[in-house]
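J.: Residue 217 in our numbering sits at position 237 of the sequence shown, with consecutive numbering throughout. By construction, the Cβ of each residue, glycine as well, lies at the ideal position given by its N, Cα and C atoms. Computed from a predicted model, the values in this text were never measured in an experiment. What follows is a single structure, and I will ask about it in a moment.
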Amino acid sequence: MAVRRSDKPPTKTDDDTTNKTTKNDIFASCSFSSLGLDPTLCDQLRERMGFEVPTQVQAQAIPVILSGRHVLVNASTGSGKTVAYLAPVIHHLQSYNPRVQRSSGTFALVLVPTRELCFQVHEILQKLLHRFHWIVPGYVMGGENRSKEKARLRKGISILVATPGRLLDHLKNTSSFVHSNLRWIIFDEADRILELGFGKEIQEILDLLGSREQGSMSKDTALSKTHEFERQNLLLSATLNDKVNHLAKISLENPVMIGLDDKRSQLTSLPEHSGSLGSDRDDADYSLKITGPSVGDYNLPTQLNQRYVKVPCNARLSVFLSILKHLFERETSQKIVVFFSTRDAVDFHYSLLSDFQYSPYSQPEAELKQMFLRCKTFRLHGSMGQEDRKTTVQAFKTEKLALLLSTDVAARGLDFPKVRCIVQYDSPGEATDYVHRVGRTARLGEKGDAFLFLQPVEMDYLHDLEKHGVSLTEYPLSKVLDGFPLSGEKYNVRNKKFISTESHPWVVSLQKALEAYITARPNMKQLAQKGFCSWVRAYTAHRGELKNIFMVKKLHLGHVAKSFALKEQPSLVSKMMQRQTMKRKRDEKQKGQTKRRKVARKA
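Listed below in structure tokens is the structure:
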């Protein structure tokens, strides 16, 4: 995305020198019109969407894409990649004479990994096409009504945004889907598409669309007589890996590299028998050769303040809530995104923060308890219904003071305006996951904070991040905790020579209140138990070298239970969950037997 009118680069009066340098590095000194875009489209970018100047990535990519070359864009999150590929496509389509018609079918195909990103790209398309009403945007994705999608495809969609699985379904089974005039295939967030296991689907899609051959317009249309062309493929990714490199090799022909010039990168020749996108094969013949900085090095924005919170497991929940409270009370208008490892953990913390009330005062006049966090709280994960997910994303974007609790479904591609802070409450695993999570803040030169929660036994993870050029400083936790009131007054840390985090009076008081709250509510207790079990399972799922850092046998599972405000020992929690699972299975079996008896009697 490009810079908004209200987000102009800082003037000399700014006191943040680092931020000034970063702004100048992010935004180009040219204009959109100087890149060769249609004047009406430039007006649309400026007036309708409020964009003033292009980013450096857009300034590099747009002229190359306009020229018709295949392009591989490797740029950090929040650098404006979406507009970089949509603007050239719209520029070409609006210039066709005669105009493109719905009956001509799909001219541009944008493949994205998630439904949320599909909605976001489609939303940007609608804004960019405001003055080009004859160019029709549309989307197809899993979770939507397939028959309605089929009807839209029958009418015709000029620029189609799609998730791989649903697109492949329509390519195979929807005969009215016209794609003979397809000119552009765009892979947005290609690394995430492949990480989600869509490698085989992508290969089938490429085979069905004949992406490796020169594209040509359908000869039965008047459009084809005027505009002969070759297929143009674009691949965009914030990180590179073997699968992305292989996808580039089989889909891009002599591509121009954007964002890799300083690394002097080049693609090696494609072997006669190429490997599979679905495999983890590490073969030098398929890799993108880099002579310079390692592919594993990530260029994070310098205005991103990255810190880690070292906290014992039994105090994690209390410290987590305390930091959130401190951040929201520090600023009256800000958004925070918190990442969890499991859906059950999201559901538990969402229910807790939506209803938990607490007052640290002991005076009678302060007995009336207040909501712990005075902000709108949202949740987002893959088990939610499609409409709920869409509503959540839109609502969080519009709120000024809001908290979003999410799994990694929100870690890629989504552009949430004015997100000031990212909290990684559960460890992200691979360094690439860390980079994409923090990429939701500090976008386009804005300041941002990132907090990573680590237990004392997990501190080696910092060394793993340092291998990729990611450096974090410790968060002053004791200073924040000392700022909270207790019995009507601030706790004076000078009264003791040393005090641990878990024994801090504020943490002890808050933990007791949380445990009492969970114990008194059976539904919340059940959510906490499910969250505990799924968290332990997720903790054992780390791969490679990270297995030596995140080891369950290093944990005190009793303390893990406390991080979900549970008083019971983990073994008792596990037995409860087992009994509940067995009871559910018995109930389902009995229902099945009853149903079969009824059917037998009717027969």
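(1) Inspect the beta-carbon positions of Leu215 and Pro144 and report whether they are closer than 8 Å.
(2) To the nearest angstrom, report how far apart Leu301 and Arg310 are at their CA atoms.
(3) Using the C-alpha atoms, what's the distance from Asn234 back to Gly48?
(4) Can you tell me which residues form a DSSP beta bridge with Met622?
(5) How would you label Glu426, buried or exposed, when you count the other beta carbons within 10 angstroms and need 16 or more for buried?
(6) Going by other Cβ atoms of all chains shown within 10 Å of its Cβ, with 16 needed for buried, is Thr312 buried or exposed?
(7) Can you tell me where the beta strand (DSSP E) holding Phe433 begins and where it ends?
(8) Hey, how far is the Cα of Asn528 from the Cα of Ser514?
(9) Measuring CB to CB, does Asp406 end up less than 8 Å from Ser321?
(10) Can you tell me which of the three DSSP states Phe7 falls into?
(11) With distance defined between alpha-carbon atoms, name the residue in Ala500, Arg523, Asp567 nearest to Leu546.
(12) Given a threshold of 16 other Cβ atoms within 10 Å of its Cβ, counted over all protein chains shown, does Thr378 qualify as buried or as exposed?
(13) Using the C-alpha atoms, what's the distance from Val460 back to His306?
(14) By Cβ distance below 6 Å, which residues in the same chain neighbour Phe157 in space, the five residues on each side in sequence not counted?
(15) How long is the line joining the alpha carbons of Leu617 and Glu32, rounded to whole angstroms?
(16) Within 10 angstroms of the Cβ of Ala64, are there 16 or more other Cβ atoms? Answer buried if so, exposed if not.
(17) Helix, strand or coil: how does DSSP classify Tyr169 here?
(18) What are the start and end residues of the beta strand (DSSP E) that includes Ser217?
(19) Under 8 Å, do Arg287 and Tyr455 count as touching if we go by C-beta distance?
(20) Would you kindly report the start and end of the unbroken beta strand (DSSP E) that includes Cys401?
(21) When you compare the CB positions of Pro43 and Phe12, do they come within less than 8 Å of one another, or not?
(22) In three-state terms, what does DSSP make of Ile137?
(23) Can you give me the C-alpha to C-alpha distance between Ser259 and Leu227, rounded to a whole angstrom?
(24) Where do the ends of the alpha helix (DSSP H) carrying Tyr65 lie?
(25) Give the DSSP-derived three-state secondary structure of Phe530 in the structure shown.
(26) Rounding to the nearest angstrom, what Cα-Cα distance links Phe87 and Gly190 in this structure?
(27) Whole angstroms are fine: how far does the CA of Tyr414 sit from the CA of Glu446?
(28) Comparing alpha-carbon positions, which option in Leu232, Ala170, Ile230 lies nearest Thr219?
(29) Which runs of the alpha helix (DSSP H) at least 4 residues long sit entirely within the stretch 85 to 119? Give them in chain order.
(30) In whole angstroms, give me the CA-to-CA distance for Leu494 and Pro502.
(31) Going straight from the alpha carbon of Leu46 to that of Phe7, what length do you get?
(32) Looking only at its own chain, which residues have a Cβ that is under 7 Å from the Cβ of Lys380, when we skip the five neighbours before and after it?
(33) My guess is that Arg392 and His361 are in contact by the Cβ rule of under 8 Å, so how many angstroms apart are they, rounded?
(34) Express the C-alpha separation of Glu525 and Ser231 in angstroms, rounding to a whole number.
(35) Under 7 Å from any heavy atom of the ligand COA, does the C-beta of Glu169 make it?
(36) Quick check: Leu586 and Val289, are their CB atoms within less than 8 Å of each other?
T.: Taking the geometry as given:
(1) No, the pair does not count as a contact, with Cβ atoms beyond the cut-off.
(2) In this structure, the straight-line span from the alpha carbon of Leu301 to that of Arg310 is close to 14 Å.
(3) So the two alpha carbons sit approximately 12 Å from each other.
(4) Because the chain spans -19 through 583 in this model, residue 622 falls outside it and cannot be assessed.
(5) Classification of Glu426: buried, given that the 10 Å Cβ count is 16 or more.
(6) Burial check for Thr312: the Cβ neighbour count within 10 Å stays below 16, so the residue is exposed.
(7) Unbroken beta strand (DSSP E) run through Phe433: 428 to 434.
(8) So the two alpha carbons sit approximately 20 Å from each other.
(9) In this structure, Asp406 places its C-beta atom within 8 Å of the C-beta atom of Ser321.
(10) In the displayed model, Phe7 falls within a strand according to three-state DSSP.
(11) Nearest option by C-alpha distance: Ala500.
(12) Exposed.
(13) Near 7 Å, if we compare the C-alpha coordinates of Val460 and His306.
(14) Apart from the 5 residues on each side of it in sequence, Phe157 sits with its Cβ closer than 6 Å to the Cβ of Leu133, His150 in its chain, given in chain order.
(15) No statement about residue 617 is possible, as the shown extent of the chain runs from -19 to 583 and does not include it.
(16) By the 10 Å Cβ count, Ala64 comes out buried.
(17) Position check: residue 169 holds Glu in this sequence, whereas Tyr was assumed. In the structure shown, Glu169 sits in coil (DSSP, three-state: anything other than H, G, I, E or B).
(18) It spans 212 to 217 - the beta strand (DSSP E) in which Ser217 sits, taken as one unbroken run.
(19) Inclusion of Arg287 and Tyr455 in the CB contact set at 8 Å is warranted, their separation being smaller than that value.
(20) Counting along the chain, Cys401 sits inside the beta strand (DSSP E) bounded by residues 399 to 404.
(21) Here Pro43 is not near Phe12, since their CB atoms are 8 Å or more apart.
(22) In this structure, DSSP gives Ile137 a state outside helix and strand, which the three-state scheme calls coil.
(23) Model confidence at Ser259 stands at a pLDDT of 44, short of 50, so the residue's coordinates are unreliable; what they give is reported in the following sentence. Rounded to the nearest angstrom, the two C-alpha atoms are 12 Å apart.
(24) Going by DSSP, Tyr65 is part of the alpha helix (DSSP H) stretching over 61 to 74.
(25) Phe530 sits in coil when the DSSP states are folded into three classes, being neither helix nor strand.
(26) C-alpha of Phe87 to C-alpha of Gly190: approximately 14 Å in a straight line.
(27) Rounded to the nearest angstrom, the two C-alpha atoms are 12 Å apart.
(28) Residue Ala170 is the option with its Cα nearest to Thr219.
(29) Along the stretch 85 to 119, the alpha helix (DSSP H) occurs as fully enclosed runs of 4 or more residues at 95 to 108, listed in sequence order.
(30) The alpha-carbon atoms of Leu494 and Pro502 are separated by roughly 14 Å.
(31) Cα-Cα distance, rounded: 20 Å.
(32) Here the set comprises Ser313.
(33) The pair is not a contact, with the Cβ atoms about 14 Å apart (cut-off 8 Å).
(34) Computed Cα separation, rounded: 32 Å.
(35) The ligand content of the structure shown is nil, which means the ligand COA is not present either.
(36) In this structure the chain extends from -19 to 583, so residue 586 is not present and cannot be described.
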